[in-house]
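Participant: Numbering (the working numbering), first residue to last: 81 to 381. We put the CB at the ideal spot given by N, CA and C, even for glycine. Have a look at the structure that comes next, please.
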Amino acid sequence: MPLKIGILTTQDVEENRLLVEAAEKRGHQATLLYHTKCSLSICQNSPEIYYEGQPIGKEFDIIIPRVDKPHPEYALTVLRQFEAMHIFTSETARAISIARDKLLCAQRLLKENIPFPSTGFAYSKEDFHNIIKTVGGVPLIIKLVEGTEGVGVFLADDMKHAVNLLKTFKQLSTPLIAQKFIEESSGKDIRAFVCGGRVMAAIQRESEDNDFRANVSQGGIATVIKLTEEEEEICIKAARALKINVAGVDLIRSNQGPLIIEINASLNFARKYMEDAGIDAADIIVGFAVDKYKEGLKNAA
Ligand SMILES: Nc1ncnc2c1ncn2[C@@H]1O[C@H](COP(=O)(O)OP(=O)(O)O)[C@@H](O)[C@H]1O
Ligand SMILES: [Mg+2]
81 MPLKIGILTT QDVEENRLLV EAAEKRGHQA TLLYHTKCSL SICQNSPEIY
131 YEGQPIGKEF DIIIPRVDKP HPEYALTVLR QFEAMHIFTS ETARAISIAR
181 DKLLCAQRLL KENIPFPSTG FAYSKEDFHN IIKTVGGVPL IIKLVEGTEG
231 VGVFLADDMK HAVNLLKTFK QLSTPLIAQK FIEESSGKDI RAFVCGGRVM
281 AAIQRESEDN DFRANVSQGG IATVIKLTEE EEEICIKAAR ALKINVAGVD
331 LIRSNQGPLI IEINASLNFA RKYMEDAGID AADIIVGFAV DKYKEGLKNA
381 A
């Protein structure tokens, strides 16, 4: 039976088209839902989600979310409304919101004993020196809690620079984390595509211009690689720690072994390297959502 799939998205990106095509290839119907066109009735006797004014709350069997800029908080609000109306969503708003927050994410990894670079956070300016020392002193990495694509990730060489960065963003009320700089991995990282507890592909990204950030969006190059068993295991554990089903897990190779850098809930897969890795990411994501949905129906019967 064809299923009705809603792709809840925040941006007009290539991934949307690929997901719709993948759903249709599997014989399902897929519709794009832009979050800002949704409005919500949070009323006990008539809960509803309207899309451009039309009720759609009961129209979909499956919602696949892609939460990114702009206004990710509102996309999560819409996703929570689908959850509140008992519509199956392939990820929960809770899991996505943890993944979007580097501080929350680090605390979750800590709880589950998954390795990541030493990280510190301070509320008060008086404590900035102290957390810098706690994570191992300078040079150190300073990151926006909610940054993506390498924007908002800084390398501070000396104490003055580090404290200055922390104070500046404090003044702007933008939370930052301080993190040990893993010098031996500078300019290189690994992106693993994890789906349903398995690593489907991994690519190594390397900056071409001495930037310590390897993000392809910052101009890095990508090569398909095979992860070690240990690396695979920590990627899978990291996704599981956040209860996220489909994720781009970033890790770096340190002298102490692999370390998780971040877990991306809305990974960019419309890139040639996914093809190079020999996988159809959109089909994997849709296939996973459909299987999970069917499993839920079976369990409920
Ligand atoms: N602690 C660190 N040590 C060394 N390099 C790092 C560290 N943290 C981040 N990087 C580099 O910076 C890049 C961007 O950092 P990341 O935390 O993934 O932020 P973003 O969400 O902006 O991608 C990483 O892909 C990695 O190459
Ligand atoms: Mg990253």
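1. Counting only the same chain and skipping the five closest in sequence on each side, list residues whose C-beta sits under 7 Å from that of Arg293.
2. Starting from Ala236, follow its DSSP beta bridges and name the residues at the other end.
3. Helix, strand or coil for Glu312? Go by DSSP, reduced to three states.
4. For Glu311, which residues in the same chain have their Cβ closer than 6 Å to its Cβ, ignoring the five residues on either side in sequence?
5. Once you ignore the five residues that flank Ser198 on each side, which residues in its own chain have a CB closer than 8 Å to its CB?
6. Over what stretch of residues does the beta strand (DSSP E) that includes Thr254 continue unbroken?
7. Is the CB-CB distance between Ile176 and Leu156 below 8 Å?
8. Straight-line CA distance for Gly86 to Lys317?
9. Relative to the alpha-carbon of Glu139, which residue among Ala327, Pro82, Val329 has its alpha-carbon at the smallest distance?
10. Keeping to the same chain, check which residues put their C-beta closer than 7 Å to that of Leu220; ignore five residues upstream and five downstream.
11. I'd like to know whether the C-beta atoms of Arg146 and Leu88 end up nearer to each other than 8 Å.
12. Excluding sequence positions up to five away, which residues of its chain have a Cβ less than 7 Å from the Cβ of Ala319?
13. Following a CB-centred definition, is Glu342 positioned closer than 7 Å to any heavy atom of ligand 2?
14. DSSP puts Ile176 in a beta bridge; with which residues?
15. Taking Gly227 as the reference, give the member of Asp238, Glu132, His209, Ala179 with the closest Cα.
16. Taking the C-alpha atoms as reference points, what is the distance between Gly133 and Ser119?
17. From what residue to what residue does the beta strand (DSSP E) around Asp285 run?
18. Can you give the Cα-Cα distance for Ile167 and Glu153, rounded to whole angstroms?
19. Regarding Ala242 and ligand 1, is the C-beta to nearest heavy atom distance less than 7 Å?
20. Applying the 10 Å Cβ sphere with the 16-neighbour rule, what's the burial state of Arg278?
21. Kindly indicate the opening and closing residues of the alpha helix (DSSP H) around Thr157.
22. Ligand 1 and Gly200: does any heavy atom of the ligand fall closer than 7 Å to the residue's C-beta?
23. Quick check on the burial criterion: 16 or more other C-beta atoms within 10 angstroms. Buried or exposed for Ile222?
24. Just curious, the alpha helix (DSSP H) that Leu184 is in, first and last residue?
25. Helix, strand or coil for Glu101? Go by DSSP, reduced to three states.
26. Count the other C-beta atoms from every protein chain shown that fall within 10 angstroms of the C-beta of Lys117, then say buried if there are 16 or more, exposed otherwise.
27. Contact defined as beta carbons within less than 8 Å: I believe Ile305 pairs with Gln284. What is the distance between those atoms, to the nearest angstrom?
28. Grab me the residues of Gln109's own chain with a C-beta within less than 8 Å of its C-beta, minus the 5 sequence neighbours each way, in chain order.
Facilitator: According to the structure shown:
1. Counting from 1 along the sequence shown, the entry for residue 293 is found at position 213. If we look at Arg293 and ignore the five residues flanking it on each side, its Cβ neighbours are Gly230, Val233, Ser287.
2. Here residue 236 corresponds to residue number 156 of the sequence shown, with the count starting at 1. Residue pairing by DSSP places Ala236 opposite Leu220 in a beta bridge.
3. For this step, residue 312 is matched to residue 232 along the sequence shown. Three-state result, Glu312: helix.
4. On the sequence shown, residue 311 is found 231 positions in, with the first residue counted as 1. Contacts found: Pro338.
5. To locate residue 198, count along the sequence shown from 1; it is residue 118. Hits under 8 Å: Thr214, Val215, Gly216, Gln259, Lys260.
6. Taking the first residue of the sequence shown as position 1, residue 254 is located at position 174. Taken as a continuous stretch (DSSP letters only), Thr254 belongs to no beta strand (DSSP E), as it is neither H nor E.
7. On the sequence shown, residue 176 is found 96 positions in, with the first residue counted as 1. On the sequence shown, residue 156 is found 76 positions in, with the first residue counted as 1. Yes, the pair counts as a contact, with Cβ atoms nearer than the cut-off.
8. As a first step, residue 86 is located in the sequence shown; it is residue number 6 there, counting from the start. As a first step, residue 317 is located in the sequence shown; it is residue number 237 there, counting from the start. Taken atom to atom, the span from the alpha-carbon of Gly86 to that of Lys317 is near 28 Å.
9. Locating residue 139 in the sequence shown gives position 59, where the first residue counts as 1. Of the candidates Ala327, Pro82, Val329, the one whose C-alpha sits nearest the C-alpha of Glu139 is Pro82.
10. Position 140 of the sequence shown, counting from 1, holds the residue named residue 220. These residues qualify, in order along the chain: Ile212, Ala236, Ala242, Ala258, Gln259, Lys260, Phe261.
11. Start at 1 with the first residue of the sequence shown, and residue 146 comes out as number 66. Start at 1 with the first residue of the sequence shown, and residue 88 comes out as number 8. Their beta carbons are under 8 Å apart, which means Arg146 touches Leu88 by this criterion.
12. Within the sequence shown, residue 319 is the residue found at index 239, counting from 1. Closer than 7 Å at Cβ, skipping near neighbours: Val274, Ala327, Val329, Ile343.
13. Walking along the sequence shown from the start, residue 342 turns up at place 262. True, at least one ligand heavy atom lies under 7 Å from that Cβ.
14. Taking the sequence shown and counting its residues from 1, the one referred to as residue 176 is at position 96. According to DSSP, which records beta bridges pairwise, Ile176 is partnered with nothing at all.
15. Taking the first residue of the sequence shown as position 1, residue 227 is located at position 147. When each option's Cα is compared against that of Gly227, the closest is Ala179.
16. The residue you call residue 133 lines up with position 53 of the sequence shown. The residue you call residue 119 lines up with position 39 of the sequence shown. Computed Cα separation, rounded: 7 Å.
17. Residue numbering aside, residue 285 sits at position 205 when the sequence shown is read from its first letter. According to the sequence displayed, residue 285 carries Arg and not Asp. It spans 278–286 - the beta strand (DSSP E) in which Arg285 sits, taken as one unbroken run.
18. Here residue 167 refers to the residue found at position 87 of the sequence shown. Here residue 153 refers to the residue found at position 73 of the sequence shown. Each residue's alpha carbon lies about 19 Å from the other.
19. Residue mapping note: residue 242 aligns to position 162 of the sequence shown, counting from 1. The answer is no for Ala242.
20. Locating residue 278 in the sequence shown gives position 198, where the first residue counts as 1. With fewer than 16 other Cβ atoms within 10 Å, it is exposed.
21. On the sequence shown, residue 157 is found 77 positions in, with the first residue counted as 1. First-last of the alpha helix (DSSP H) with Thr157: 152–164.
22. Along the sequence shown, one-based indexing puts residue 200 at 120. Not under cutoff, so the answer is no.
23. If you number the sequence shown from 1, residue 222 lands on position 142. Ile222 should be labelled buried.
24. Taking the first residue of the sequence shown as 1, we reach residue 184 at position 104. Its alpha helix (DSSP H) spans residues 182–191.
25. Working through the sequence shown from its first residue, we reach residue 101 at position 21. Looking at Glu101 - three-state DSSP - the assignment turns out to be helix.
26. Translated into positions along the sequence shown, residue 117 becomes position 37. Answer is exposed; the Cβ neighbour count stays below 16.
27. What you label residue 305 is simply residue 225 of the sequence shown in a count that begins at 1. What you label residue 284 is simply residue 204 of the sequence shown in a count that begins at 1. Their Cβ separation, rounded to whole angstroms, is 5 Å, which keeps Ile305 and Gln284 in contact under 8 Å.
28. For the purposes of this step, residue 109 is taken as the residue at position 29 of the sequence shown. Around Gln109: Pro82, Leu83, Lys84, Ile85, Ala103.
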